[in-house]
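What follows is one structure encoded as structure tokens, with my remarks underneath.
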Amino acid sequence: MPLRSPSPGTVPPEGPLRLCGIDLPAGVHAGPIEDGGIVPLAWMTAEPVEPEPLLGWMRRLAAVFGQTGLWPVALAGHFDDLGNPWRSGELLGPGRNSDFDVEDFLLSPTDPQDLADPEVAAYLETIAPIATVHRLGGPVAAPPAGADELIVPWDGTDPLALGLVPATSPAGVLSGLGWLGPTNYALEGEAIARIAASWQERYHLTLVGIGFDMLKLQFPPQGLTGPELMDLLAEVYRVCPDDYEQSSFRDLESYIDFRDLSPILGLWWD
117 MPLRSPSPGT VPPEGPLRLC GIDLPAGVHA GPIEDGGIVP LAWMTAEPVE
167 PEPLLGWMRR LAAVFGQTGL WPVALAGHFD DLGNPWRSGE LLGPGRNSDF
217 DVEDFLLSPT DPQDLADPEV AAYLETIAPI ATVHRLGGPV AAPPAGADEL
267 IVPWDGTDPL ALGLVPATSP AGVLSGLGWL GPTNYALEGE AIARIAASWQ
317 ERYHLTLVGI GFDMLKLQFP PQGLTGPELM DLLAEVYRVC PDDYEQSSFR
367 DLESYIDFRD LSPILGLWWD
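Position one of the sequence shown corresponds to residue 117 (this note's numbering), numbered consecutively onward.
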């Protein structure tokens, strides 16, 4: 069964928290800054937490998501600054890009100016299997991760926090936050939220981590079939070309192999 809540919860108060019998460390509010104070859009642990206890909390809190309406998510910051963007005024709140249409965006054709450039056209030919979204993929056969299958998408090299965000589904946390991560591609706010929600429904990807400019989505534990993965990767290239172009893959085949074996789709926008 997909992890859902009938209604979004209420942001908990700052300080120590006990939620559905689960004791959590002291927390603070996260959100945009107005009139010198933080607008509470989410709750996050006041201090960094190690991956092992973070994993335990995420799984236990996901199991009661239907009761709380608070989705647990691993939060990272900008390098070692865990407060950025969560408490630095770099969240938009709901509403930005509210007219965004996922299908129109994903299926929009390649810019004719790009095809007119011989170098660009030649490059796109080398990545032809993912260069164009020909159809919206899914729904996939494999079920999404259950509460006891969630994973922490970082190793803890940089500080991490536990976040609790009001939502009715995992991807819904992005709508509430107004996340700026892909702003260089004009996909901030509701745009990336709707894309994540579409992938959640069609590819059964579960949002498990958000950083300053990184988004971590967990694949179904049973994985995707080859055709399902290729449909997804074409959409990923449309949304986040940096996932391939700014990485160190020697060729498209190695990129596809990596994504096929990884339990996490980790996106990063330059």
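Think of the CB as a built atom: it goes at the ideal place given N, C-alpha and C, for glycine as much as any other residue.
Query, Result
"From P129 to W159, what distance separates their C-alpha atoms?", "8 Å"
"Alpha carbon to alpha carbon, what distance is there between D264 and P156?", "28 Å"
"Can you tell me where the alpha helix (DSSP H) holding A307 begins and where it ends?", "306-319"
"If distances are taken between C-alpha atoms only, which option among E235, L186, L252 comes closest to P124?", "L186"
"Assign S314 to one of two classes, buried (16 or more other C-beta atoms within 10 Å of its C-beta) or exposed (fewer than that).", "buried"
"Report the option in G137, Q362, V352 whose CA atom is closest to the CA atom of R251.", "V352"
"Evaluate contact between the segment 166-179 and the segment 136-151, counting only Cβ atoms and requiring at least three cross-stretch pairs below 8 Å.", "yes"
"For the putative contact between L383 and D359, defined by C-beta atoms under 8 Å, what is the C-beta separation to the nearest angstrom?", "5 Å"
"State the DSSP-derived secondary structure class of V165, mapped to helix, strand or coil.", "coil"
"A243 lies in the beta strand (DSSP E); which residues open and close that run?", "Reading the sequence as shown, one finds Ile at residue 243 and not Ala. Where I243 is concerned, there is no enclosing beta strand (DSSP E), given that its DSSP letter is neither H nor E."
"Tell me which residues share the same chain as L208 and place their Cβ nearer than 6 Å to its Cβ, disregarding the 5 neighbours each side in the sequence.", "G294, G305"
"To the nearest angstrom, how far is the alpha carbon of G303 from that of N213?", "Reading off the sequence shown, one finds Leu at residue 303, where the question assumed Gly. When rounded, the distance between both Cα atoms is 8 Å."
"Nearest to A277 by alpha carbon, out of I154, M117, L171?", "L171"
"Are the segment 320-339 and the segment 374-382 in contact at 8 Å, needing three or more beta carbon pairs?", "yes"
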